Amino acid sequence: MILFSPSTFLGLVCAVVVYRLWSRRSHSQYPLPPGPKRLPIIGSWLTLSKIKEPLCLAYTKFAKEYGDVFYLEVFGESIVVFNSAKAVIEIFEKRSANYSDRPEMYMVTELMKWSWDFAHMGYTDWWRLHRKTFHQYFQQNQLPQFYPVQRESASLFLKKVIEYPEEFLDHIRHHAGYVILKTVYGHKMEYKNDYYVELADRAVRGYSEALGTSFLVDYLPILSYIPSWFPGASFKRKAKVWAEHSLESKDAPWADLKKNYENGTGVPCFAIDNLEKFKDSENMEEVIKNCSALAFVAGADTTVSVISSAILALLLHPDVQAKAQAEMDAVVGTSRLPDFQDRGKLPYLEAILTETLRWIPVLPLSLPHKSVKDDIYEGHFIPAGSTVVGNTWNILHDPEMYPDPESFKPERFLQQDGKELPLNPGLFAFGFGRRICPGRYFGLNSAWLAIASLIATCHLKKAVDKNGKEIEPVMNHFTGLVCHPAPYKCTFVPRSSEALKLMKAGHEN
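Quick note: the sequence shown uses this note's numbering, first residue 28, plus one each step.
So, in structure tokens, the structure goes:
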């Protein structure tokens, strides 16, 4: 077919790019931010396509060369990356009216059918309705209603750590998933081979791979019209499979939930409570369905990141672990497990959680924002319609803000000699401005209780090999959308016979 011959299609692509460059040509007296050399038509595409390391680390290297803000361009599409706390606070907080939109991200939202995910929706009334519905249920003053399920799950987590310590990473995932599923759908998660969890895992794998890969179709949506057999169209074949996973993760749990709701067998949860609340409102069922699916698919992964990173930090820093245990014993004692009412009395533990968010950021790069209008920052021109990204990794590893940033030092967040504390990583770790994750406090509570319970009851020690030699964890991170430490081994030794009893009894004690 002539329409899909390589030469014809290349001509169409060039025409699209030339028109895009012409229509967006700048009349500003201010220069674009500095950045890597751009070639005609393709711009920075070769530079981006050669990157093999996590994008946040590549951007950090660019920041060292070009400064706090640098500019990329791919087939006429502008990309502006901000790399300092000062810059992201100015852009995403103070100028949020201009930087709260989202770029299209065609691969994810259209080809992979994630348009239901309000994290990717444009800055519209439809998005505001989703966010309001989600925020009202998970805002800070509502968090105590979730304490029972978080205690229940943390108790099961401790029991499984004692029974099957070698599977502790699976236990972390179960803890996070259990809380989310019961809170959102009222579903009591099976410990092994839970159907819902398998749905979410498949969906998240495709989603993370897509966000961690530069697909040309994101810059040239015209490519979506080429057939799947066309050379270079493997992205369409991938997208077809990933789209099935996306829609199944949204539709299957909802179908079960609606069946239970209509039969009167549903239990109180986010979905049921909101269906009751808005049963006379048009369009709200779709909103509730979308919000439920987003919490289900994305909510557990951030909690897993925080817990696994914190355990790794405690494993590598026995002095930190010992200080946390001493504080725990002094405040909580040894006859019960820590609970949420203890949190404000455990500042060193809080500093550990805060330092964890800095050391291995949950979101090393923000989801992309989009500029609505032309803007000027620090003498540089930011074109309207630009994709705008905050490099969280670079911000939280800035030695001027956090001296010796590669080291894990909870003390940096404790008040000492009247010195001003550094900015809390929580300001950056979950996104920026009006697009910050609305479920972050809920997820952090689940993480806090699991970490606190382990500190109260266990010594965390490095595993040993068959020769009795300690196995050193490898300091490496998987950085898709959410950053996780590479899998590692850990030994959990009850601190005493009383601690072992607490682990077996859980919060039922």
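We treat Cβ as the ideally placed atom computed from N, Cα and C, and that holds for glycine.
Just so you know, these numbers come straight off a predicted model, no measurement behind them.
Beta-carbon proximity of H157 to R129, cut-off 8 Å: No Cβ-Cβ contact shorter than 8 Å links H157 with R129.
Length of the line joining the Cα atoms of R264 and S255: S255 has its alpha-carbon roughly 6 Å from the corresponding atom of R264.
Where the alpha helix (DSSP H) containing Y205 begins and where it ends: Looking at the DSSP string, the run of the alpha helix (DSSP H) that includes Y205 is 195-211.
Proximity to F102 [Cα-Cα], best of A337, A349, K489, G70: Shortest Cα-Cα distance from F102 to any of A337, A349, K489, G70 involves G70.
Pair within 8 Å by beta-carbon distance, I379 and S336: Going by C-beta atoms, I379 is not nearer than 8 Å to S336.
Residue span of the beta strand (DSSP E) that contains L284, given as start and end: Here L284 belongs to no beta strand (DSSP E); instead the alpha helix (DSSP H) covers 261-290.
V115 classed as buried or exposed, judged by whether at least 16 other C-beta atoms fall within 10 angstroms: Residue environment for V115: buried (at least 16 other C-beta atoms within 10 angstroms of its C-beta).
C-beta contact flag for V347 and F440 at 8 Å: No, the pair does not count as a contact, with Cβ atoms beyond the cut-off.
Delimiting residues of the alpha helix (DSSP H) encompassing A83: Sequence inspection shows Cys at residue 83; the Ala mentioned does not correspond to that position. C83 -> alpha helix (DSSP H) spans 82-93.
Which of helix, strand or coil DSSP assigns to P254: Annotated three-state conformation of P254 is coil, per DSSP.
Proximal residues to M28 (C-beta, below 6 Å), its chain only, five neighbours per side dropped: In this prediction, M28 scores a pLDDT of 31, lower than 50, which makes its location untrustworthy; no coordinate-derived value is stated.
Three-pair Cβ contact test at 8 Å for the region 56-71 versus the region 94-101: Counting C-beta pairs closer than 8 Å gives three or more between the region 56-71 and the region 94-101, which meets the contact rule.
Simplified DSSP state of Y46, which is helix, strand or coil: Caution applies to Y46, whose pLDDT of 48 falls short of 50 and renders its modelled position unreliable; the value that the coordinates give is listed next. Y46 falls in the helix class under three-state DSSP.
Selected residue, minimal CA-CA separation from P430, among T414, L450, D444, N301: In this structure, L450 is the residue among T414, L450, D444, N301 with its C-alpha nearest to the C-alpha of P430.
Bridge-paired residues (DSSP) for I403: The partner list for I403 (beta bridge, DSSP) reads F408.
Simplified DSSP assignment, three categories, for V107: Reduced to three states, the DSSP call for V107 is strand.
Exposure of D425, with buried meaning 16 or more beta-carbon neighbours within 10 Å: Buried, by the Cβ-count rule.
Start and end residues, alpha helix (DSSP H) containing E354: E354 -> alpha helix (DSSP H) spans 345-358.
For K531 and I207, believed in contact at Cβ under 8 Å, the rounded distance: Wrong, their Cβ atoms sit about 25 Å apart, outside the cutoff.
Status (buried if at least 16 other CB within 10 Å, exposed otherwise) for T151: Result: exposed.
Beta-bridge pairing of L99 - partner residues as DSSP gives them: Paired residue(s): I106.
Endpoints, alpha helix (DSSP H) assigned at K446: Counting along the chain, K446 sits inside no alpha helix (DSSP H), nor does DSSP assign it H or E at all.
Spatial neighbours of D144 in its chain, beta-carbon cut-off 6 Å, leaving aside the 5 residues before and after: Counting only residues of its own chain and dropping the five nearest sequence neighbours on each side, D144 has a CB closer than 6 Å to the CB of L321.
Boundaries (first-last residue) of the beta strand (DSSP E) holding F304: Reading the sequence as shown, one finds Lys at residue 304 and not Phe. Per DSSP, K304 belongs to no beta strand (DSSP E); it is in the alpha helix (DSSP H), 297-304.
Cβ neighbour criterion (16 or more within 10 Å) applied to S182: Classified as buried, S182 has 16 or more neighbouring CB atoms from the shown chains inside 10 Å of its CB.
Per DSSP, the bridge partner or partners of F505: Paired residues: H511.
Closest residue to S241 among Y212, V333, M132 (Cα-Cα distance): With distances taken between Cα atoms, S241 lies closest to M132.
Test item: CB-CB of A456 and L376 under 8 Å: For A456 and L376, no; Cβs fall outside 8 Å.
Residues near A357 by beta carbon distance below 7 Å, same chain, minus five either side: Here the set comprises nothing.
Contacting residues, own chain, Cβ-Cβ under 8 Å from E117 (five flanking each side not counted): Cβ neighbours of E117 beyond the five flanking positions: Y404.
Rounded C-alpha distance that separates L30 from F262: With a pLDDT of 39 at L30, under the threshold of 50, the modelled position of this residue cannot be trusted; read the value that follows with caution. Between L30 and F262, the C-alpha separation is close to 19 Å.
Exposure of R178, with buried meaning 16 or more beta-carbon neighbours within 10 Å: Classification for R178: buried.
Opposing strand residues paired with H214 [DSSP bridges]: Beta-bridge pairing links H214 to no other residue.
Per-residue DSSP class, three states only, for V188: Note: V188 maps to helix in three-state DSSP.
Cβ neighbour criterion (16 or more within 10 Å) applied to T35: Per-residue confidence for T35 stands at a pLDDT of 45, beneath the threshold of 50, marking its modelled position as unreliable; the derived number appears in the next sentence. With fewer than 16 Cβ atoms within 10 Å of its Cβ, T35 is classed as exposed.
Span separating the alpha-carbon of P432 from that of T383: Cα-Cα distance, rounded: 12 Å.
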